[in-house]
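**Student:**
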Amino acid sequence: MNPCTFQQLGIAATPVHTSCHILQQCIPQYTVGHPERLDRVHATLAAARTAAQSNSGVARCLSVVGAGYVGVGVNDLALAAHRLAVNLHQSQQGGLPPPTGLEQRF
Ligand SMILES: Cc1cc2nc3c(=O)[nH]c(=O)nc-3n(C[C@H](O)[C@H](O)[C@H](O)COP(=O)(O)OP(=O)(O)OC[C@H]3O[C@@H](n4cnc5c(N)ncnc54)[C@H](O)[C@@H]3O)c2cc1C
Numbered sequence: 001m002n003p004c005t006f007q008q009l010g011i012a013a014t015p016v017h018t019s020c021h022i023l024q025q026c027i028p029q030y031t032v033g034h035p036e037r038l039d040r041v042h043a044t045l046a047a048a049r050t051a052a053q054s055n056s057g058v059a060r061c062l063s064v065v066g067a068g069y070v071g072v073g074v075n076d077l078a079l080a081a082h083r084l085a086v087n088l089h090q091s092q093q094g095g096l097p098p099p100t101g102l103e104q105r106f
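According to the working numbering, the sequence shown holds residues 1 to 106 in order.
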């Protein structure tokens with residue numbers, strides 16, 4: 001067991017038995033090429049902000065957050081959602097285009 005776990009849980013005894021398992025097909029993981037896909041999504045959304053309104057559609061103001069993009073755990077998503085909310089507020093206050101949600105990733 002990780003020494004930090006002993007410290008956090010206040011355990012002083014030495015374990016008499018330990019076992020470790022990899023849980024197959026548990027929380028999904030991103031497939032190869034995910035960062036590059038995010039780069040393309042970010043670039044597409046960012047470009048739509050400056051494109052003529054007639055041909056940019058909803059992408060002009062679309063921001064993304066969630067497990068499909070920037071984290072598979074609740075803690076990652078809470079942080080990403082908080083950052084996006086702050087960035088959306090700041091962009092509105094400053095009269096700037098909305099963030100894509102993918103400005104900070106990995
Ligand atoms: C079995 C299991 C156990 C997990 N255990 C943990 C854990 O211990 N710790 C941890 O950190 N993470 C865990 N996770 C991962 C974590 O739960 C997810 O990463 C997280 O909930 C994803 O949040 P999200 O907001 O991106 O998506 P979701 O929580 O899936 O929210 C998406 C929402 O959008 C709604 N929706 C979907 N399509 C549409 C539509 N077309 N129109 C309107 N609404 C729609 C859905 O109904 C849903 O409410 C677990 C996941 C699973 C499945």
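No residue lacks a Cβ here, since even glycine has one placed at the ideal position from N, Cα and C.
Between which two residues does the alpha helix (DSSP H) containing Glu36 stretch?
**Tutor:** In the sequence shown, counting from the first residue as 1, residue 36 sits at position 36. Looking at the DSSP string, the run of the alpha helix (DSSP H) that includes Glu36 is 34-50.
**Student:** Okay, do the segment 57-73 and the segment 25-39 touch, 3+ Cβ pairs below 8 Å being the bar?
**Tutor:** Touching, per the Cβ criterion.
**Student:** Locate the alpha helix (DSSP H) running through Val64, then write down its first and last residues.
**Tutor:** Here the question's residue 64 lines up with position 64 in the sequence shown. Run containing Val64: none; DSSP gives neither H nor E here.
**Student:** Short check: CB of Gly101 to CB of Leu84, under 8 Å?
**Tutor:** Counting from one through the sequence shown, the residue named residue 101 turns up at place 101. Counting from one through the sequence shown, the residue named residue 84 turns up at place 84. Yes, Cβ-Cβ distance for Gly101 and Leu84 is below 8 Å.
**Student:** Using three-state DSSP, classify Gly10 as helix, strand or coil.
**Tutor:** Your numbering for residue 10 matches position 10 in the sequence shown. The answer is coil: DSSP assigns Gly10 none of H, G, I, E or B.
**Student:** Taking 7 Å as the cut-off, is the beta-carbon of Ile11 closer than that to any non-hydrogen atom of ligand 1?
**Tutor:** By one-based count along the sequence shown, residue 11 stands at place 11. No.
**Student:** Could you give the distance in angstroms between the alpha-carbon of Pro99 and the alpha-carbon of Ser63?
**Tutor:** For the purposes of this step, residue 99 is taken as the residue at position 99 of the sequence shown. For the purposes of this step, residue 63 is taken as the residue at position 63 of the sequence shown. If you take the alpha carbons of Pro99 and Ser63, they lie about 6 Å apart.
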